Amino acid sequence: MIVTIVGAGNMARGIGTRALAGGHSVRLHDRTRAKAEELATALSQAAPEADVTAVGPDAVGDSDIVVLALPHPAGHEVAAAWADALAGKTVVDISNPVDFTTFDSLTVPPGTSAAEQIAAAVPESRVVKAFNTTFAGPLTEGQVAGRPLDVFIAGDDDTAKQTVSALVSSAGLRPLDVGPLRRARELEAFQFLHMASQERLGLNWSSAIAILP
Ligand SMILES: NC(=O)c1ccc[n+]([C@@H]2O[C@H](COP(=O)([O-])OP(=O)(O)OC[C@H]3O[C@@H](n4cnc5c(N)ncnc54)[C@H](OP(=O)(O)O)[C@@H]3O)[C@@H](O)[C@H]2O)c1
3 MIVTIVGAGN MARGIGTRAL AGGHSVRLHD RTRAKAEELA TALSQAAPEA
53 DVTAVGPDAV GDSDIVVLAL PHPAGHEVAA AWADALAGKT VVDISNPVDF
103 TTFDSLTVPP GTSAAEQIAA AVPESRVVKA FNTTFAGPLT EGQVAGRPLD
153 VFIAGDDDTA KQTVSALVSS AGLRPLDVGP LRRARELEAF QFLHMASQER
203 LGLNWSSAIA ILP
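Adding 2 to a residue's 1-based position in the sequence shown gives its number in this note's numbering.
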């Protein structure tokens, strides 16, 4: 698959690392081209056989999956601006719309989610929520305490969820389809709790949320 990641920060590194481990081609786009090129170089040095390049915004057309690795609401803004190019595409929202000024609430109102807001902005795309509960460090490693990370997946389009699940599985992680896109409300709240508990529980951003049988 061709996986295009928009944004070249911590999560782009984690998802890019895992996608390359799964044998996929990775395209990196950032509003600062040099930042995408820097990450592409770093990822290719870590995996010399990998197919990873920095691209302009026009590269979206070739993608099987477009990951919005941007903060909220930038992901929403970029999706809305690119709605035509994203039509028909599987678009992955990984965001956690946390109010970082207070660290005490989400910034989306009750009864919706960042993922649903993005879906409304790109009605011709197949929006999937995934990777929002996996911290960047453990994601880059692929595991916590020897256990592959669980990746919770929510969406209204089964084919799109299967495509994302295939990416997750090939990357050595465990996909868990938790239902329709409105489950993103719970996934975003779930990860808010996870984030807000880091200091209290001494987890140092290296923990993971998992479902154990
Ligand atoms: N970090 C985690 O462990 C983690 C875990 C799960 C989910 N997430 C979610 O993943 C997303 C990305 O997080 P991150 O940790 O990768 O953040 P990050 O390291 O700060 O990277 C964010 C990227 O988004 C770009 N960006 C910021 N504002 C933008 C805008 N208005 N328009 C276009 N690009 C913009 C940044 O570019 P510039 O450098 O030019 O600003 C940067 O490339 C967030 O929604 C976060 O909630 C993060």
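Where a beta carbon is used, it is the ideal one built from N, C-alpha and C, also for glycine.
Predicted, not measured: the structure shown is a model, and the values here were computed from it.
Worksheet item: Is there a Cβ from chain D that is less than 8 Å from the Cβ of N98?
Response: Of the protein chains in this structure there is only one, and it is not chain D.
Worksheet entry | Cβ-heavy atom distance, K37 to ligand 1, below 7 Å | yes
Fill in: In DSSP terms, what L70 is bridged to
V8 and D95
Discussion item. So within the segment 12-62, which uninterrupted beta strand (DSSP E) runs reach at least 3 residues, ignoring any that extend past its ends?
Written reply: 27-31 and 54-56
Discussion item. Could you check whether the segment 41-54 touches the segment 168-183, counting it as contact only if at least three pairs of C-beta atoms, one from each stretch, sit closer than 8 Å?
Written reply: no
Worksheet item: Who does R176 pair with in a DSSP beta bridge?
Response: D152
Discussion item. So, with DSSP's three-state summary, where would you put T109?
Written reply: coil
Fill in: Span of the beta strand (DSSP E) around V80
Segment A76 to A83 is the alpha helix (DSSP H) holding V80; no beta strand (DSSP E) there.
Fill in: Reduced DSSP secondary structure (H/G/I, E/B, other) of T104
coil
Worksheet item: Can we count F105 as close to ligand 1, meaning its CB is less than 7 Å from some heavy atom?
Response: no
Worksheet entry | Start-to-end residues for the alpha helix (DSSP H) that takes in R187 | A186 to A198
Item to complete: Please classify T103: is it buried, with 16 or more other beta-carbons within 10 angstroms of its beta-carbon, or exposed?
Response: exposed
Practice prompt. Report all residues from its chain with a CB closer than 7 Å to the CB of L175; omit the five preceding and five following residues, and keep chain order.
Written response: R20, G144, P150, L151 and V153
Discussion item. Can you check which of these residues, P50, H74 and K131, is closest to V1 by C-alpha distance?
Written reply: No answer is possible for residue 1: it lies beyond the span of the chain, which begins at 3 and ends at 215.
Worksheet item: Mind checking whether the beta-carbon of V80 lies closer than 7 Å to any heavy atom of ligand 1?
Response: yes
Worksheet item: Can we count L30 as close to ligand 1, meaning its CB is less than 7 Å from some heavy atom?
Response: no
Practice prompt. Throw me the rounded Cβ distance for the V54 and V28 pair, which I believe falls under 8 Å.
Written response: 4 Å
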